[in-house]
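Colleague:
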Ligand code: SRM
Ligand SMILES: Cc1cc2nc3c(=O)[nH]c(=O)nc-3n(C[C@H](O)[C@H](O)[C@H](O)COP(=O)(O)OP(=O)(O)OC[C@H]3O[C@@H](n4cnc5c(N)ncnc54)[C@H](O)[C@@H]3O)c2cc1C
Ligand code: SF4
Ligand code: FES
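Protein chains in written order, with UniProt numbering: chain A, 1 to 123; chain B, 1 to 850.
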């Protein structure tokens, strides 16, 4: 997670990571996700009403369809979420876990704002 | 890994499944690795609800939660054939040999078929598995399709709980059922003579013939039918014979391996469910607990829980005297329930009976000799008190027993019960446990189901769960979700009267948080009904549900379907050619829908604008197949061609479809117009249906197909076109303002106080004085209608969204692929297909679909 007010990129995780650019910030409408493709990997990127950025794997684990970016963004008990557009389970934007099914989750990606560009940290 | 022990479970039925899921829930360390051998080739399903398989439920809907778990090896279609207890091995039909540390037999029962001659003839069936039902369905369909006079019929051998379920299933399959019961009354195990007599009347009035006190003595083939001979020499013709004459424990594995059996069959187990071999356990219908077998699922579940606990070193045990043998007959449309000591077998028990033949109800309570303690009861005709009475068994009665069952007597709430009372007998959940869950934050029935499992099996305790929520001060509210404390209708009033026009304003002033997939589309729909411009304008875009998001219906593989409007089902040859060319050029699958138009499937998101550009250029517009809005107005060909038609039904359908296109509503809206009373357009199965008469038009409202079909009801008769349209305008606007989220017109009308008469007073007689307002709202809609797809094509900002990837706009989603089926593309099946079931949805809950 990162906020959209400009601040230096800090990558605290130890593993080496490359940052890839997805799109300019303006391309992200609040509470409407977009999908980005990096090689084989599909990432769903969201900007909340408050301006935070989040990135999850784009594949909905229930249906196998790569559509999480097209879900409705909201919150559950204050935790920011996206609801899968296929069968409507909610996933936490913070840690990717499914809030409606135990043991199900989607990957979470580090995301940062760099010179007005939204970037995703890939391994 | 070395200390992992191996559990083999034989039988993947309801109880075996429960054991595995209970063990996996609690065995966090992974002490046990589990192999399940299932004779049936299907994943475990809800056998209790088996009959609903002929009543519209699919196999997927009946399926129990999947056991996808690395520690569970599920082998379906490979039954165990022998057990070698010395070597602790099980051999399967495919020849595999498995060594176990513990073996659990959960093989259930097999139906008992009395040894009458002819019982093996084709078209003689038992009623136990989905495979049985598939075979019965096929035979019934073949019989119904066979030409020749007379009704096709079925003989059901056995008038117990299952026999009556089977009989009703036969009726649903289009056969005339006859039930033959050897005992002098129906459901002899559960009800007494008084209840049995009334039950027979009620069943007969459901068009099911009943013969009690006679047995089937033989079956023979005659031409292409069967003839069943009864012990009184009566002969019954039948196309299908279903044996439902009881069950026998499926104990052959135990028998052959020398395990101790119960006196009347079943694998003998002690109160811990262990057999006389300490490594072998038995649970469910196959187990003879201290010698006695149980033919219901609740005792089986209790056994599964005990064994799961024991396998993990616990001390659980069964208390057979407390096992609940209550039953409630489902499905038949006849309410019957029996519970506890229904036959007053307890020493000194007293019976209190209230028999009301006029109302068609019979209630009996069995109480202790001092009339203080409830022991059991039988309810026929009206079993609404079952859910409150059953948990009171063994407890002090809160009121005089007669008053408790008399019509207009005391109303019993959950508050009458002590905390120790078991509210859900299927899952052994007490009132105390439920209260604790409510205290911990559960505030809806689904919450309670999720955290206690109560209500997830037979469903009969659900009414009591609701009462309990109310008693505990949790309002079973109509609130949309955690973000709004209002119902949709209230929210509509707020938005309409305050003039707020963005979600942010609405949620900040009248709600909390940032919304979710329930309230956002609801607010989006309200804003759209109030005429708020294009649904992708500004912030509204982020509120739209899946399909409104891209003005197309999302399919299972993430592609979309494209449905242009074909008003009234009328289309020119040129129009057909354009659709054909577009589908061909973009490689789309085409199908004629149930709504009299053409659906093109398999469009990728980035193809949608190009496809629609072609369609819009040719004069097509959005068909709103994606919206909670008007779908189609079906028509029959009417007076232009049909020799019986009395009005131009196609013209009227086109007029109505164009008038109401794009109108957003709480749920989808459908309509139909027929040219005469023959009703070829099925108008009465629509939200509003119009049928031509010699003098004008009849308008029917509140119908639908779908899961709970409803016929629309006549609201005005023989009216002219102007009156017809005015009445429909008001009907729709009144519905839009007052219905709940995702409530179609039929349930809305059912809930409307005063029903159809009230509706007529409001929209015809203008009793509330709101008609001018409703008329104005509709006029505004008609004036402001604009094609949504054209709106997208004309706005580069909106078009920007129609890309696969923000960083690679033209690259197709690599996960999408197709195979060819019958000459057309369809999604490539995925590993694990099909699995279209919502998680967390109870087996009996009505699942909320798009
Ligand atoms: C395409 C079509 C089936 C077909 O190939 O014929 C269809 C397809 C779907 N139907 Fe339907 N229904 C279609 C005609 C019907 C009909 C027949 C009719 O309209 O005359 C019915 C019964 C009549 C009725 O609605 O009263 C029908 C009753 C349903 C229901 C049950 C509604 C109910 O009140 O119980 C659902 C589920 C829901 O909406 O909650 C549903 C839902 C759906 C959904 C939206 C399910 C989903 O979420 O994916 C399907 C998506 C369509 C798509 O992707 O394009 N569909 N559906 C038909 C499209 C008609 C059209 O031209 O727009
Ligand atoms: C139509 C119908 C309606 C019912 N209604 C109710 C009701 O309202 N309330 C209620 O409480 N109960 C009801 N029941 C009974 C309930 O379904 C059973 O009590 C419950 O299913 C028992 O579970 P089980 O696991 O012991 O047996 P089952 O569910 O029968 O499962 C046993 C499984 O073991 C398999 N098997 C057998 N032998 C082998 C082998 N050698 N190797 C591998 N697998 C084997 C079988 O194929 C079967 O799949 C109903 C039953 C039917 C048929
Ligand atoms: S409803 Fe009447 S007019 Fe229409 S096609 Fe059928 S018979 Fe002809
Ligand atoms: S009593 Fe059957 S589900 Fe609760």
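For glycine and all other residues, C-beta sits at the position ideal for the given N, C-alpha and C.
The structure displayed is predicted, hence computed values, not measured ones.
Compare the beta carbon distance of residue 80 of chain A and residue 54 of chain A with 8 Å and say whether it is the shorter of the two.
Modeller: Contact flag set, yes.
Colleague: Measure the Cβ-Cβ separation of residue 613 of chain B and residue 804 of chain B and say whether it is below 8 Å.
Modeller: Contact: no.
Colleague: Roughly how many whole angstroms lie between the Cα atoms of residue 371 of chain B and residue 401 of chain B?
Modeller: Looking at the two C-alpha atoms, the distance is approximately 8 Å.
Colleague: Would you mind stating whether residue 288 of chain B and residue 266 of chain B have Cβ atoms separated by less than 8 Å?
Modeller: The answer is yes: Cβ separation under 8 Å.
Colleague: Is it right to say residue 640 of chain B is buried, meaning 16 or more other beta carbons lie within 10 angstroms of its own, or is it exposed?
Modeller: With fewer than 16 other Cβ atoms within 10 Å, it is exposed.
Colleague: For the candidate residues B:346, B:526, B:260, whose alpha-carbon lies nearest to that of residue 501 of chain B?
Modeller: Cα-wise, what sits closest to residue 501 of chain B is B:526.
Colleague: Taking buried to mean at least 16 other C-beta atoms within 10 Å of its own C-beta, is residue 255 of chain B buried or exposed?
Modeller: When all chains shown are included, residue 255 of chain B counts as exposed.
Colleague: By Cβ distance, which residues of its chain are closer than 8 Å to residue 198 of chain B, with the 5 residues on each side in sequence left out?
Modeller: Counting only Cβ-Cβ distances below 8 Å, and skipping sequence neighbours, we find 355, 357, 360, 361, 362, 380, 381.
Colleague: May I ask you to list the residues that DSSP assigns as paired with residue 481 of chain B?
Modeller: DSSP, once it has assigned bridges, lists B:484 as partnering residue 481 of chain B.
Colleague: Is the shortest distance between the beta-carbon of residue 796 of chain B and the beta-carbons of chain A less than 8 Å?
Modeller: Not an interface residue.
Colleague: Consider the C-beta atom of residue 390 of chain B and the heavy atoms of ligand 2; say whether any pair is separated by less than 7 Å.
Modeller: Residue 390 of chain B: no, Cβ never under 7 Å from ligand 2.
Colleague: Starting from residue 386 of chain B, trace the alpha helix (DSSP H) both ways and give me its first and last residue.
Modeller: Element bounds for residue 386 of chain B: 386 to 389.
Colleague: Among B:151, B:555, B:234, B:700, which residue has its Cα nearest to the Cα of residue 816 of chain B?
Modeller: Comparing Cα-Cα distances from residue 816 of chain B to each of B:151, B:555, B:234, B:700, the minimum goes to B:555.
Colleague: Which residue wins for smallest C-alpha separation from residue 565 of chain B, given the options B:624, B:693, B:522?
Modeller: It is B:624 whose Cα lies nearest to the Cα of residue 565 of chain B.
Colleague: Would you mind working out which of B:57, B:226, B:631 sits nearest residue 667 of chain B, comparing C-alpha positions?
Modeller: Comparing Cα positions, the closest option is B:631.
Colleague: Could you list the residues in the region 54 to 81 of chain B with a C-beta less than 7 Å from some C-beta on chain A, going in chain order?
Modeller: Those residues of the region 54 to 81 of chain B that come within reach of chain A (Cβ to Cβ, closer than 7 Å) do not exist; the list is empty.
Colleague: Alpha carbon to alpha carbon, how far is residue 98 of chain A from residue 68 of chain A?
Modeller: For residue 98 of chain A and residue 68 of chain A, the distance between alpha carbons rounds to 12 Å.
Colleague: Within the same chain, show all residues whose beta-carbon is closer than 7 Å to that of residue 99 of chain B, passing over the 5 residues directly before and after it, in chain order.
Modeller: The residues are 6, 88, 89.
Colleague: Three-state secondary structure (DSSP) at residue 495 of chain B?
Modeller: The answer is helix: DSSP assigns residue 495 of chain B an H, G or I state.
Colleague: Would the C-beta of residue 65 of chain B count as close to ligand 2, meaning under 7 Å from any of its heavy atoms?
Modeller: No.
Colleague: Nearest-angstrom Cα distance between residue 237 of chain B and residue 54 of chain B?
Modeller: Looking at the two C-alpha atoms, the distance is approximately 23 Å.
Colleague: Do you know offhand how far residue 218 of chain B's Cα is from residue 121 of chain B's?
Modeller: Looking at the two C-alpha atoms, the distance is approximately 11 Å.
Colleague: What does the Cβ neighbour count give for residue 581 of chain B, buried or exposed, with the cut at 16 atoms within 10 Å?
Modeller: Exposed is the call here.
Colleague: Under the three-state reduction of DSSP, which class applies to residue 59 of chain A: helix, strand or coil?
Modeller: Note: residue 59 of chain A maps to strand in three-state DSSP.
Colleague: Flag this pair as yes or no: are the beta carbons of residue 224 of chain B and residue 151 of chain B separated by less than 8 Å?
Modeller: No, these two residues do not count as a Cβ contact at 8 Å.
Colleague: Pull up the distance between the alpha-carbon of residue 86 of chain A and that of residue 70 of chain A, whole angstroms please.
Modeller: Spanning the two alpha carbons is a distance of roughly 10 Å.
Colleague: Should residue 521 of chain B be listed as close to ligand 2, given that the test is whether its C-beta is under 7 Å from any heavy atom?
Modeller: Not so, every heavy atom of ligand 2 lies at least 7 Å from the Cβ.
Colleague: Can you find the residues in the same chain that come closer than 7 Å, C-beta to C-beta, to residue 530 of chain B, ignoring five residues on each side of it along the sequence?
Modeller: These residues qualify, in order along the chain: 495, 496.
Colleague: Using CA atoms only, rank isn't needed, just tell me which of B:82, B:49, B:36 is closest to residue 66 of chain B.
Modeller: Here the closest residue by C-alpha is B:36.
Colleague: Report all residues from its chain with a CB closer than 7 Å to the CB of residue 424 of chain B; omit the five preceding and five following residues, and keep chain order.
Modeller: Around residue 424 of chain B: 454, 455, 461.
Colleague: Just to make sure I have the definition right: I need the residues of chain A whose C-beta is within less than 8 Å of the C-beta of residue 556 of chain B. Which are they?
Modeller: Neighbours of residue 556 of chain B on chain A, chain order: 63, 65, 86.
Colleague: Taking only the alpha-carbon atoms, compute the straight-line gap between residue 110 of chain A and residue 533 of chain B and give it to the nearest angstrom.
Modeller: Going by the C-alpha atoms only, they are around 37 Å apart.
Colleague: Are the Cβ atoms of residue 756 of chain B and residue 715 of chain B separated by less than 8 Å?
Modeller: Yes, the pair counts as a contact, with Cβ atoms nearer than the cut-off.
Colleague: If we define contact as Cβ-Cβ less than 8 Å, is residue 55 of chain A a contact residue for chain B?
Modeller: It does not; no Cβ of chain B falls within 8 Å.
Colleague: Would DSSP call residue 718 of chain B helix, strand or coil?
Modeller: Strand at residue 718 of chain B.
Colleague: Based on the DSSP secondary-structure assignment, which residues constitute the bridge partners of residue 75 of chain A?
Modeller: A:80, per the DSSP bridge assignment.
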